[in-house]
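Peer 1: Each position in the sequence shown, counted from 1, maps to that position plus 6 in this note's numbering.
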Amino acid sequence: MATAQVPRGGTDAVAATRLGAGPPPHPRRPADGLCDFAAVRKDFSLPAEFPTAALTEVEQTVAQPVFEAARVDATELPLVTVDPVGAKDLDQAVLLTRRGTGFRVEYAIADVAAYVRPGGPLDAEVRRRGQTLYLPDGNVPLHPTLLSEGAASLLPDQVRPAVLWTIDLDSDGLAVRTRVRRALVRSVAQLDYEGVQRALRAGLAHPSIALLPVIGRLRRAQALRRGAIELGLPEQQVEADESGGWRVALRPRLVVEEWNAEISLLTGMCAAEMMLEAGIGILRTVPDPEPPTVAALRRSAARLGVEWPEDLPPAEALAGLDPVRPEALAVHVAATRLLRGAGYTSFESTAPSKPRHAGIGAPYAHVTAPLRRLVDRYGAEVCLAVGEGREVPAWVREALPALPSAMGSSDRVATQVERACLAQAQAWSLANRVGSVFPATVLRTGSGDGEVFIPEPPVIARCAGDDLTEGQRIQVRLTRADPHRREVDFTKA
7 MATAQVPRGG TDAVAATRLG AGPPPHPRRP ADGLCDFAAV RKDFSLPAEF
57 PTAALTEVEQ TVAQPVFEAA RVDATELPLV TVDPVGAKDL DQAVLLTRRG
107 TGFRVEYAIA DVAAYVRPGG PLDAEVRRRG QTLYLPDGNV PLHPTLLSEG
157 AASLLPDQVR PAVLWTIDLD SDGLAVRTRV RRALVRSVAQ LDYEGVQRAL
207 RAGLAHPSIA LLPVIGRLRR AQALRRGAIE LGLPEQQVEA DESGGWRVAL
257 RPRLVVEEWN AEISLLTGMC AAEMMLEAGI GILRTVPDPE PPTVAALRRS
307 AARLGVEWPE DLPPAEALAG LDPVRPEALA VHVAATRLLR GAGYTSFEST
357 APSKPRHAGI GAPYAHVTAP LRRLVDRYGA EVCLAVGEGR EVPAWVREAL
407 PALPSAMGSS DRVATQVERA CLAQAQAWSL ANRVGSVFPA TVLRTGSGDG
457 EVFIPEPPVI ARCAGDDLTE GQRIQVRLTR ADPHRREVDF TKA
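1) Could you tell me the distance, in whole angstroms, from the CA atom of arginine 77 to the CA atom of arginine 188?
2) Taking only runs that begin and end inside the region 123-204, name each unbroken beta strand (DSSP E) of 3 or more residues, in chain order.
3) Assess contact between the region 292-308 and the region 405-414, defined as three or more Cβ pairs (one per stretch) separated by less than 8 Å. Is contact present?
4) Can you have a look at valine 91 and say buried or exposed, based on whether 16 or more other CB atoms are within 10 angstroms of its CB?
5) Quick test of the definition: if touching needs 3 or more C-beta pairs under 8 Å, does the region 144-151 touch the region 192-201?
6) Checking the sheet assignment: what are the DSSP bridge partners for leucine 101?
7) Measuring CB atoms only, is the region 102-114 touching the region 172-184, in the sense that at least three cross pairs come out at less than 8 Å?
8) Kindly indicate which three-state DSSP category cysteine 41 falls into: helix, strand or coil?
9) To test your reading of the DSSP string, which unbroken alpha helix (DSSP H) runs of 4 or more residues are found completely within the region 319-370?
10) In the structure shown, what three-state DSSP assignment does glycine 287 receive?
11) Please report the distance separating the alpha-carbon of leucine 83 from that of tryptophan 171.
12) Could you have a look at histidine 32 and say whether DSSP puts it in helix, strand or coil?
13) Is it the case that the Cβ atoms of leucine 141 and valine 165 are separated by a distance below 7 Å?
14) Note down the Cα distance separating valine 46 from glycine 179, rounded to an integer number of angstroms.
15) Answer with buried or exposed for alanine 446, where buried requires no fewer than 16 other C-beta atoms within 10 angstroms of its C-beta.
16) I'd like the span of the alpha helix (DSSP H) that includes arginine 418, first residue to last.
17) With distances taken Cα to Cα, identify the nearest neighbour of glutamate 333 among Gly238, Gly347 and Cys427.
18) Using 8 Å for Cβ pairs, my map puts threonine 351 next to isoleucine 288. What's the rounded Cβ distance?
19) Rounded to whole angstroms, how far is the Cβ of leucine 474 from the Cβ of glycine 456, which I believe are closer than 8 Å?
20) By alpha-carbon positions, which one of Ile235, Trp434, Leu380 and Glu268 ends up nearest to alanine 341?
21) Determine which residues share a DSSP beta bridge with isoleucine 460 and list them.
22) Identify, in the order they occur along the chain, each residue of the same chain with its Cβ nearer than 8 Å to the Cβ of leucine 160, setting aside the five sequence neighbours on each side.
23) Hey, quick one: how far does the alpha helix (DSSP H) through aspartate 382 stretch, first residue to last?
24) Find out if the Cβ-Cβ distance for the pair glutamate 476, alanine 336 is shorter than 7 Å.
25) Near alanine 499, which residues of its chain fall below 8 Å by C-beta distance, leaving aside the five closest residues on each side in sequence?
26) Mind reading off the beta-carbon distance from glutamate 493 to alanine 433? Whole number of angstroms is fine, and I expect it under 8 Å.
27) Measure how close the beta-carbons of valine 118 and arginine 383 come, nearest whole angstrom, since I'm counting them as under 8 Å.
28) Where do the N-terminal and C-terminal ends of the alpha helix (DSSP H) with valine 482 fall, by residue?
29) Nearest CA to the CA of serine 359: which residue from Arg425, Arg309, Val292 and Ala420?
30) Using the Cβ count rule (16 or more neighbours within 10 Å means buried), how would you classify glycine 441?
31) Report all residues from its chain with a CB closer than 8 Å to the CB of arginine 304; omit the five preceding and five following residues, and keep chain order.
32) Give a yes or no on contact between the region 267-282 and the region 366-386, applying the rule of three or more CB pairs nearer than 8 Å.
33) Determine the direct distance from the alpha carbon of alanine 246 to that of alanine 284, and round the result to whole angstroms.
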């Protein structure tokens with residue numbers, strides 16, 4: 007298991023089954039001569055620069071965007087962005103208002119298609135990369151920073167092209183009307199999660215998101231009703247330490263992040279509904295777990311002494327568990343089996359037979375993070391065309407069949423890089439503590455070994471032992487911490 011880079015302002019329940027909750031807030035690089043992640047970059051052949059032709063195209067399209075016609079002037083909307091501290095690649099800006107007994111969500115998404123010419127050198131490079139890769143000592147961006155942190159980013163007090171979603175909700179938080187248009191927008195403030203949470207507690211929330219707790223709670227309640235399977239796992243991340251090196255830490259997930267993520271999920275579900283009705287698009291899919299898989303999880307919970315009423319579905323059972331308890335944590339880890347088979351499904355003319363995302367409990371499409379994920383640009387174009395009653399552009403239709411494979415490959419690389427960085431940091435953190443004994447919780451068991459969670463430093467690693475039991479609290483001895491091989495091993499003490 008390793009850190010999972012989840013787009014800011016959105017989430018993916020499959021990514022949430024891995025450890026981590028998104029890119030770290032732009033940590034500093036270590037001092038010269040100290041450890042960095044250059045070996046990870048080399049091992050995975052990560053690109054250091056963009057091709058000259060792609061950079062030249064960015065300079066040209068920044069001066070003269072590709073799509074300049076038919077934009078609604080929405081610069082009067084007091085939109086705000088909410089991201090980690092220091093973020094510059096700002097994909098989403100939001101405004102929440104009352105509408106009768108319900109609500110209105112205005113959600114502006116960076117219009118990356120305004121700057122990427124279909125079939126051009128930048129398009130080719132972006133399709134090769136697939137997504138932004140997040141490493142502790144610096145990102146490998148999907149787009150050149152002139153675009154992702156400049157011309158296309160929804161930075162405050164700047165007029166920017168955007169794809170503007172207007173979603174009306176009823177009093178229960180259900181979407182009753184959706185509209186999507188190309189627009190010009192201007193963010194009035196760049197906010198961060200920690201600051202927003204402090205402001206909400208003090209009763210000083212920015213007016214544009216004062217309704218975030220209300221709408222966020224309503225949407226969270228709807229997620230449970232849909233049967234969304236959400237896992238509460240320790241969220242590891244690698245952060246810079248005081249000496250200029252790196253350490254592994256647990257990252258607390260703020261409730262503001264969960265509420266903010268619900269706005270992105272809402273938009274992705276509305277996008278998926280538009281695509282399915284039109285018979286064309288690309289969905290993020292996770293098959294619903296088969297009954298034998300759910301039954302196996304119930305048996306695991308019973309062995310751990312976790313009560314699970316027969317009539318309670320997995321979503322509600324997991325939501326009611328406190329993962330701080332060792333036996334509950336083990337159940338959450340075992341529940342990752344419920345969310346296997348994640349992928350992308352593109353379609354035209356005939357809707358897919360299995361369009362749902364089990365982690366969300368509904369069909370879902372990625373459209374809210376185009377600066378950092380390739381597929382979102384195409385998803386947005388499909389929805390814009392459907393919303394305007396016109397044909398989906400040929401360049402989008404031609405690309406759809408290849409996108410699932412491209413995104414699948416990109417996801418695999420991202421996961422491998424994330425795991426390598428976490429494994430590297432774990433080995434660095436423990437290199438001088440071989441022979442030490444730590445308290446641990448057994449997460450998984452196998453034949454002669456298992457996987458344990460050490461709370462301090464927060465490490466998940468292999469542990470040898472024939473009599474390990476899931477959910478058991480034990481003492482373990484560190485037998486190996488090899489930074490060169492990025493491996494850490496324990497044995498039951």
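Positions of the beta carbon are idealized from the N, C-alpha and C atoms, including for glycine. As the structure is a computational prediction, the values presented were derived from the model and not from experiment.
Peer 2: According to the data block:
1) Going by the C-alpha atoms only, they are around 5 Å apart.
2) Qualifying beta strand (DSSP E) stretches, in chain order: 139-141, 144-146, 165-175 and 181-198.
3) Verdict: no, contact absent.
4) Result: exposed.
5) Pairwise C-beta distances place the region 144-151 out of contact with the region 192-201, as fewer than three of them are shorter than 8 Å.
6) Leucine 101 is bridged to Glu112.
7) With a cut-off of 8 Å, the region 172-184 and the region 102-114 count as touching, because enough Cβ pairs lie within range.
8) Taken through DSSP and simplified to helix, strand or coil, cysteine 41 comes out as coil.
9) As summarised for the region 319-370, the continuous alpha helix (DSSP H) elements at least 4 residues long and confined to that stretch are 320-325 and 332-340, given in chain order.
10) Strand at glycine 287.
11) The C-alpha of leucine 83 lies about 12 Å from the C-alpha of tryptophan 171.
12) Its pLDDT being 39, under 50, histidine 32 is placed unreliably by the model, and nothing is read from it.
13) In this structure, valine 165 does not lie closer than 7 Å to leucine 141 by Cβ.
14) Using only the alpha carbons, I get a separation of about 44 Å.
15) With a 10 Å radius around the Cβ and a threshold of 16 neighbouring Cβ atoms, alanine 446 comes out buried.
16) Boundaries of the alpha helix (DSSP H) harbouring arginine 418: 409-436, taken from the DSSP string.
17) Among Gly238, Gly347 and Cys427, the Cα nearest to that of glutamate 333 belongs to Gly238.
18) A Cβ-Cβ separation of about 7 Å places threonine 351 in contact with isoleucine 288 under the 8 Å criterion.
19) Contact annotation, leucine 474 with glycine 456: C-beta distance approximately 4 Å; criterion of less than 8 Å satisfied.
20) Comparing Cα-Cα distances from alanine 341 to each of Ile235, Trp434, Leu380 and Glu268, the minimum goes to Ile235.
21) Beta-bridge partners of isoleucine 460 (DSSP): Val465.
22) Within the same chain, leucine 160 has close Cβ partners Leu85, Thr87, Leu96, Asp97, Gln98, Ala99, Ala114, Ala116, Arg166, Ala168, Val191 and Ser193.
23) Run containing aspartate 382: 380-394, per the alpha helix (DSSP H) assignment.
24) Against a cut-off of 7 Å, the Cβ pair of alanine 336 and glutamate 476 comes out as a contact.
25) The beta carbon of alanine 499 lies closer than 8 Å to those of Val443, Ile480, Gln481, Val482 and Arg483 in the same chain, with the five residues before and after it left out.
26) Indeed they touch by this definition, with Cβ atoms about 7 Å apart.
27) So it is a contact: roughly 5 Å between Cβ atoms.
28) Counting along the chain, valine 482 falls outside any alpha helix (DSSP H), though it belongs to the beta strand (DSSP E) covering 479-488.
29) For serine 359, the nearest C-alpha among the options comes from Val292.
30) Counting the other CB atoms within 10 Å of its CB gives glycine 441 a total below 16, which places it among the exposed residues.
31) Within the same chain, arginine 304 has close Cβ partners Trp314.
32) Verdict: yes, contact present.
33) Computed Cα separation, rounded: 48 Å.
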